[in-house]
Amino acid sequence: MTAAIRTDLLRLRTTRSTWVLLAVGLVLTLGWAAGVLGNIGGIGAAARGSVQMRGDLLGAAGIGLFPVLLLGVVAVTGEFHHRTATATLLVTPARWRVLAAKAAACALVGPLVAVVLLAATWTVGVLAGAIDPTMDTALLAITGRSMLVAACWALLGVGIGAAVRNQTLAVLVPLVWLLLIEPLLPAYGLDRLVPWLPGGATIALSGGRFAGALPAWAALLLLVGYALALLIPAGRAIARRDIT
Amino acid sequence: MTAISVHGLVKRFGRVMAVDDLSFEVQKGTLTGFVGPNGAGKTTTLRIILGLVRPTGGTALIDGVPYARLDRPARHVGAVLEASGFHPGRTARDHLRVLAGPSGISAGRVDQVLSEVGLSGSAGRRVGGFSLGMRQRLGLAGALLGDPGLLILDEPTNGLDPAGVHWLRTFLRERVDRGGTVLVSSHLLAELALSADSVIIIKDGRLVAHGPVGELTGGAATVRVRTPHAEQLRAVLAARGVAAALHGSDEVTVAGVDTEAVGQAVAEAGLVVYEMSGHRPALEDAFLALTTDEGSRP
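Heads up: the sequence lines are chains A and B, in that order.
Per numbering that gives the first Met the number 0, residue 0 is the first one in the first sequence, and the count goes up by one each step.
Per numbering that gives the first Met the number 0, residue 0 is the first one in the second sequence, and the count goes up by one each step.
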């Protein structure tokens, strides 16, 4: 299994889309961070050097984690899109193992990306004089939560990719869900659902507070649950599928 | 020793019967051609053998076990299938490294197979820019990674130029001569007739014929003789109970005998001969005769 995971890490490393997605994540994060920095002194903005400011600024990494989800999606759909599934399954006929290795590799890469995004934001914040360059446990907690979110999103991505398989559709589904469907729920009086949905659970796991938010541990379990609920049936379907 | 054994194989895609009660065996150390018209079920059969497609019924075994139960299958079987793709952004070497990983195959072996198929110079190039012929070679390189005893190739000559086809034929022949086994599908027969030990012909998912190339083409050779004594030769052969046909004033064709028998008759009658040649029916003709519908068979 370690050989399979190592192979999938190599697969990710040698694919351009991986680096493109990471670049997109970095641009999104730094763009968001620039917005936070530009708002210093504005209404409701945290004070320069405050813990609140650090939290707001590092929160920018959250938006940059969306590409991590897409990384997981493309890891699976790419095999069908480029018809590489044939060669992959010839070498590893146990299909569940192929899927598990992809999930594991993406769940390893995701947290790494989170650390890179946080480090980039933190550096920019320090250079801009907006945050103090002190290391404390709160900073570690932010990092840890971010890494967990990234791992969950990578798994969700692999799950969506395996369930949908069509690359374009599998990229659109999470975009529409997170940007359109979940934000619109309160408008239909369905606020009570939000904590139990992937977007709401992500905010709770990140440390965000809102009415009815689950505790972080419950949010983590919920997100992993969603990923498994996608992965297991999709894995079974792929195992039965004819690869033509 | 059988390398591949297919027994009572059935595959239905919806209402289409792609493979219909197909059984055959491929012996170790042979180069076997797997031929049939387009849509005969060749690719489906190969994909079932390789565990990519689930049969509706029957079994397909490699070295006595289903493909999925082979330990590190790349070390037993190498396959090049049609419509198997490459990630266009990956280099040839990286493509092979990804395939080598799960079987614990070294990076050195990757460079070795690249040179074996003549792609060393393009190892660092992205596959997206490869020609069809180069992709075929890269596919073959992938199949060779585990140095498997059995190679299964689906239409490997597609996209190869004549020099490439010649190279592939020599390459496969050498592997078989060193004890390897090759099953190669093709709808082009001329190139197979030159190299295959045995041919499996299928049509509409059913076995039509299976045997050595010589046996399939049969003993029905014809002999063509050009002689100024055409009519005389025909009479001489007729006296020996051999039917011959006249073509123009100086040509005779004889079916069902070899050149030795005709030469003997010519010498005994003391006839002058300008030219004599024996024609074995091509595998192509045998194939056409076997796979054309009964009604249109000549």
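Here a beta-carbon is modelled for each residue, glycine too, at the ideal position from N, C-alpha and C.
Note that the structure is predicted; figures quoted are calculated from it, not measured.
- Comparing alpha-carbon positions, the option among A78/B, R168/B and R68/B lying closest to P92/A turns out to be R68/B.
- Pairing G61/A with S145/A gives a Cβ-Cβ distance under 9 Å.
- For a cut-off of 8 Å, the C-beta gap from L80/B to R46/B is around 7 Å, short enough to register as a contact.
- Exposure of R235/A is indicated by the presence of fewer than 16 other C-beta atoms within 10 angstroms of its C-beta.
- For S16/A, the closest Cβ of chain B is nearer than 9 Å.
- The Cβ atoms of L89/A and A91/B lie no closer than 9 Å to each other.
- Relative to T1/B, the option among K27/B, L21/B, S22/B and S102/B whose CA is nearest is K27/B.
- For T90/B, the nearest CB of chain A lies under 9 Å from its own CB, placing it at the interface with that chain.
- Nearest Cα to L213/A within the set G128/A, G224/A and G199/A: G199/A.
- In the three-state DSSP reduction, I61/B falls in the strand class (E or B).
- Contact with chain A is found for F85/B, since one of that chain's Cβ atoms lies less than 9 Å from the residue's Cβ.
- Under the Cβ criterion of 9 Å, A3/A is counted among the residues facing chain B.
- With 16 or more neighbouring CB atoms inside 10 Å of its own CB, I199/B falls in the buried class.
- Listed in chain order, the positions of the stretch 89–108 of chain B with a beta carbon within less than 7 Å of a beta carbon of chain A are R89, D93, R96, V97, L98, G100, P101, S102 and G103.
- Linking R89/B to T14/A through their CA atoms gives a straight-line distance of about 6 Å.
- One Cα belongs to L143/B, the other to L113/B, and the distance between them is close to 9 Å.
- Boundaries for A17/B: no alpha helix (DSSP H) harbours it, while the beta strand (DSSP E) harbouring it runs V15 to Q26, taken from the DSSP string.
- Here the alpha carbons of A237/B and V253/B stand approximately 10 Å from one another.
- Straight-line spacing of the CA atoms in G117/B and Q111/B works out to 10 Å.
- Counting along the chain, G269/B sits inside no beta strand (DSSP E), nor does DSSP assign it H or E at all.
- In the three-state DSSP reduction, P173/A falls in the helix class (H, G or I).
- Those residues of the stretch 194–211 of chain B placed with their C-beta closer than 7 Å to a C-beta in chain A do not exist.
- The beta-carbon of A67/B is placed less than 9 Å from the nearest beta-carbon of chain A.
- Assigned with DSSP and collapsed to three states, V163/A falls in helix.
- When DSSP states are grouped into helix, strand and coil, T180/B belongs to the strand group.
- Note that the stretch 10–24 of chain A touches the stretch 62–69 of chain A; at least 3 beta-carbon pairs, one per stretch, sit closer than 8 Å.
- Sequence-ordered contacts of the stretch 57–77 of chain A with chain B read G77 [C-beta pairs closer than 8 Å].
- Taking G255/B as reference, the option from G247/B, A264/B, A242/B and G50/B with the minimal CA-CA separation is A242/B.
- A buried status is given to E154/B, since no fewer than 16 other beta-carbon atoms sit within 10 Å of its beta-carbon.
- Within the same chain, V9, G40, D203, G204 and R205 come within 8 Å of D19/B by CB-CB distance, once the 5 residues on both sides are set aside.
- Secondary structure note for D153/B: its beta strand (DSSP E) is the uninterrupted segment L149 to D153.
- In this structure the stretch 102–113 of chain A does not lie against the stretch 187–203 of chain A, because fewer than three pairs of beta carbons, one per stretch, are closer than 8 Å.
- Bounds of any alpha helix (DSSP H) do not take in A186/A, whose DSSP letter is neither H nor E.
- Residue contact check for T180/B against chain A: no CB pair falls below 9 Å.
- Below the 8 Å Cβ cutoff, chain B contributes R46, L51 and V52 as neighbours of I242/A, in chain order.
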